[in-house]
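K.L.:
Let me begin by handing over the structure; questions about it come next.
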Amino acid sequence: MVGKSPYEVLGLKREAGPEEIRKAYRKLAKEFHPDLNPGKPEAEARFKAVSAAYTLLSDPEKRARFDRGEIDESGAERPHAAYRGFAEGAEGAKYHPEGAIDLGDLEDLFAAFGAGARPHPGGRGFRARGADRRFSLAVDFVEAAVGARRRLQLSPQESLEVAIPAGIESGQVLRLKGKGGPGLGGGEPGDALIEVEVRPHPLFRRVGNDIHIDLPVSLPEAVLGARVSVPTVGGAVTMTIPKGSDTGTRLRLRGKGVKGGDQYVSLTVVLGKSEDPDLAKFVEEWGKSHPFDPRRGTFPR
Amino acid sequence: MIDFAGLLLRLEGLDAAELRLWIERRWLLPERAEKAYLFREVDVARAELIYEMRREFALDEEALDLVLSLLDQLYGLRRALKRLSDALETQPAEVRQAIAEALSSALPPAP
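As they're listed, the protein sequences go chains H and X. The end of the first sequence is residue 1619 by my numbering, with every number in the run present. The end of the second sequence is residue 129 by my numbering, with every number in the run present.
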C-alpha cells in the first residue's frame, strides 16, 4: 500500500467532500476490518491502509497539508492494535470462553456440529491412545556405566526425572509410560520414548560389560613393580604393577567394570625424557651383556 | 495496565459516561481494584474495537450487543479450533494424513 495516495486507497476523487470520504471509509472498513476477517492478513493490511487514509483525509488540516505536499500518505498513520491479536491469545478467554464446545470430549464436539461419531447403543465412543513423544538424551560414559538420575526438559514448562539404568548403551530407548501426549475420549496417554546416546570417554572403552583402559607406567615401575592409582568408573583404585611388567602387559581389576564386569588395564612403558645420559650409559653397558632381539621370529626373513 | 482515566486518554474524544455504559453492558470486563477499574491490554484493544464500531460504523447499543456476541462466539470457536489443531499436531503422521485426506474429500464442490 505504500506510495498509494489516500484518495486512491479510498477510491475517491481529489475534490471529494467530507461526507463522501466518510461513506467510502465506512464501506471499506466494514469490508476489511480485521475483527470481521480473522485469519486474513491481506484484509488487515487493507484495513490499515484504509484507516490511515481516512485518518489523514478526515482531518481538514492534515488533508490540506497532504494536498500541499507537506506530509506523505503515511504521515498520519496510527498503528492499529487489532483486538484479534489478543482475542486469539490466552488473555482472550475472558470475553469468549470456548463455552459449549468441550474439546476434552470429542463426542461433544461432533454433537455440536451435528455430525457422526454418535455412540451406538451399547457401543463405545471414539477413544484414542495419546501419541508417543520422542526425545533424545546424551549421557556421560560414567553415568551410563554406573547409572544415574537425570532431569530431562520436555518443553519450557515441563521437565521429567529420568532414571538411567547402569550399563545402558548408545541407541537404547527408555520408555516412560504415560508421559506422552494426552489420550482422546478417555483413551490412555502415550509414552515418552527417550533415545540415549552415550558420550565417549577419553580414557575408558567399553566392550560388553568390561572396561578397557591404557595405563602409562615408568621404566622403574615396570622393572621393579609398584603400586599405582588407576581410574575406574567407580572412582580411583590402587593396583599393583607386578615386578617385570612390560608394554602390553594386561592386568585385570575384578568386578570394576559395568554391572559386575571387569576392568582390563593395558600397560605402556614410557621412558619419558628420551635422551638421558645416565640411562644411555647404563643401557650401553647392560646391552653388551644382554643381547636381545624383540623382532626375532616376528617378521619373515 | 491502565485505569479509567488512562483509557479515556487513549481513546480521543470518548466521554466518561460512554465508557461507563460499556462496562455496565459488560462489553468490557476490567478488573476491580478497590474503587478503581484496571484495564489490561486485551481490554484496551477491545475498547478500541468498540470505539470504532460506535463512532465509525455508528452502531447503536442493540446492534453492538449483537455484533460483540457474534464476535465472541467466533473467537471462542477459533480458540477451540486452535486447540483441536494443536492436538492433531501431536498425532502420529499416519493419523494426521488420514485426517487431511478426510478433510479434503469432504470439501464441497467449488461454486
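C-beta atoms are modelled at their ideal positions from N, C-alpha and C, and glycine is treated no differently. From a predicted model like this one, the values you see are computed outputs, not experimental measurements.
Look up R101 (chain X) in the DSSP assignment and say whether it is helix, strand or coil.
P.N.:
helix
K.L.:
If you reduce the DSSP assignment to three classes, tell me which class A1394 (chain H) lands in.
P.N.:
Note that A1394 (chain H) scores a pLDDT of 44, beneath 50, so its modelled location is shaky; the value from the coordinates is reported in the next line. A1394 (chain H): coil per DSSP, three-state reduction.
K.L.:
What does the alpha-carbon distance come out to for the pair L1492 (chain H) and K1358 (chain H)?
P.N.:
44 Å
K.L.:
Quick check on DSSP: helix, strand or coil for R1545 (chain H)?
P.N.:
strand
K.L.:
Listing by chain order, which chain X residues have their CB less than 7 Å from the CB of R1364 (chain H)?
P.N.:
Residues of chain X passing the Cβ test: none, with the nearest at roughly 15 Å.
K.L.:
Assign Y1582 (chain H) to one of three DSSP states: helix, strand, or coil.
P.N.:
strand
K.L.:
Unbroken beta strand (DSSP E) runs of length 3 or more, entirely within the stretch 1474-1554 of chain H: which are they?
P.N.:
Annotation note: the stretch 1474-1554 of chain H contains the following uninterrupted beta strand (DSSP E) runs of length 3 or greater, listed N- to C-terminal: 1476-1482, 1491-1494, 1510-1516, 1523-1525, 1528-1536, 1544-1548.
K.L.:
Looking only at its chain, what residues have a beta carbon closer than 7 Å to the beta carbon of V1327 (chain H), apart from the 5 residues adjacent to it on each side?
P.N.:
M1319, A1367, V1368, A1371
K.L.:
Classify K1497 (chain H) as buried or exposed, calling it buried when 16 or more other Cβ atoms lie within 10 Å of its own Cβ.
P.N.:
buried
K.L.:
Going along chain X in order, which residues have a C-beta closer than 8 Å to the C-beta of F1404 (chain H)?
P.N.:
E59, V60, A63, R64
K.L.:
Taking just the CA atoms, how far does E1602 (chain H) sit from V1588 (chain H)?
P.N.:
19 Å
K.L.:
Judging by CA-CA distance, which residue of H:L1472, H:L1478, H:E1513, H:Q1471 is the nearest neighbour of E1487 (chain H)?
P.N.:
Nearest of H:L1472, H:L1478, H:E1513, H:Q1471 to E1487 (chain H), Cα basis: H:E1513.
K.L.:
Give the single residue among H:K1322, H:G1410, H:S1376, H:S1323 whose Cα lies nearest to the Cα of R1344 (chain H).
P.N.:
H:S1376
K.L.:
Along the beta strand (DSSP E) that carries V1457 (chain H), what are the first and last residues, could you check?
P.N.:
1451-1457 is the span of the beta strand (DSSP E), which, as asked, contains V1457 (chain H).
K.L.:
Can you find at least 3 beta carbon pairs, one from the stretch 47-61 of chain X and one from the stretch 85-100 of chain X, that sit closer than 8 Å?
P.N.:
No, the stretch 47-61 of chain X does not touch the stretch 85-100 of chain X.
K.L.:
Within the same chain, show all residues whose beta-carbon is closer than 6 Å to that of G1448 (chain H), passing over the 5 residues directly before and after it, in chain order.
P.N.:
Hits under 6 Å: G1498, G1499, P1500, G1501, P1507, G1508.
K.L.:
Among the candidates H:A1363, H:G1410, H:E1338, whose CA atom is the shortest distance from the CA of F1350 (chain H)?
P.N.:
H:A1363
K.L.:
Look up D61 (chain X) in the DSSP assignment and say whether it is helix, strand or coil.
P.N.:
Of the three classes helix, strand and coil, the one that applies to D61 (chain X) here is helix, per DSSP.
K.L.:
Which same chain residues end up closer than 6 Å to A1394 (chain H) when comparing Cβ atoms and leaving out the 5 residues on each side of it in sequence?
P.N.:
With a pLDDT of 44 at A1394 (chain H), under the threshold of 50, the predicted position of this residue should be treated as unreliable, and no value is reported.
K.L.:
Take G1440 (chain H) and list the residues in its own chain whose beta-carbon comes closer than 8 Å to its own, dropping the five residues that flank it on each side.
P.N.:
Residue placement at G1440 (chain H) cannot be trusted, given a pLDDT of 39 that sits under 50; what the coordinates show is reported in the next sentence. So the list is empty, once near-sequence residues are dropped.
K.L.:
Since F22 (chain X) and L39 (chain X) are thought to touch, with beta carbons under 8 Å apart, how far apart are those beta carbons, to the nearest angstrom?
P.N.:
Going by Cβ atoms, the distance from F22 (chain X) to L39 (chain X) rounds to 13 Å, so no, they are not a contact pair.
K.L.:
At which residue ranges does the stretch 1327-1384 of chain H contain complete alpha helix (DSSP H) runs of 4 or more residues, listed in the order of the chain?
P.N.:
1336-1350, 1359-1375
K.L.:
Taking only three categories from DSSP, how would you classify L55 (chain X)?
P.N.:
It should be noted that the sequence gives Tyr, not Leu, for residue 55 (chain X). Strand at Y55 (chain X).
K.L.:
Would you decide whether R64 (chain X) is buried or exposed? Buried here means 16 or more other CB atoms lie within 10 Å of its CB.
P.N.:
buried
K.L.:
Hey, V1576 (chain H) and R1524 (chain H) are a contact pair by Cβ (cut 8 Å); roughly how many whole angstroms apart?
P.N.:
7 Å
K.L.:
Taking just the CA atoms, how far does T108 (chain X) sit from D1450 (chain H)?
P.N.:
9 Å
K.L.:
In terms of residue numbering, what span does the beta strand (DSSP E) encompassing R1570 (chain H) cover?
P.N.:
1568-1571
K.L.:
Which of the three DSSP states is assigned to V1587 (chain H) in this structure?
P.N.:
strand
K.L.:
Rounding to the nearest angstrom, what Cα-Cα distance links V60 (chain X) and H1414 (chain H) in this structure?
P.N.:
12 Å
K.L.:
Just to confirm my understanding: we take L1537 (chain H), look at its own chain, exclude 5 residues before and 5 after, and list those with CB closer than 7 Å. What are they?
P.N.:
V1587, L1589
K.L.:
Could you tell me which residues DSSP pairs with E79 (chain X) in its beta bridges?
P.N.:
The partner list for E79 (chain X) (beta bridge, DSSP) is empty, contrary to what the question assumes.
K.L.:
Take the Cβ of W45 (chain X) as the centre, count every other Cβ of all protein chains shown within 10 Å, and call the residue buried at 16 or more, exposed below.
P.N.:
buried
K.L.:
What does the Cβ neighbour count give for S1563 (chain H), buried or exposed, with the cut at 16 atoms within 10 Å?
P.N.:
Its Cβ being crowded by 16 or more others within 10 Å, S1563 (chain H) is buried.
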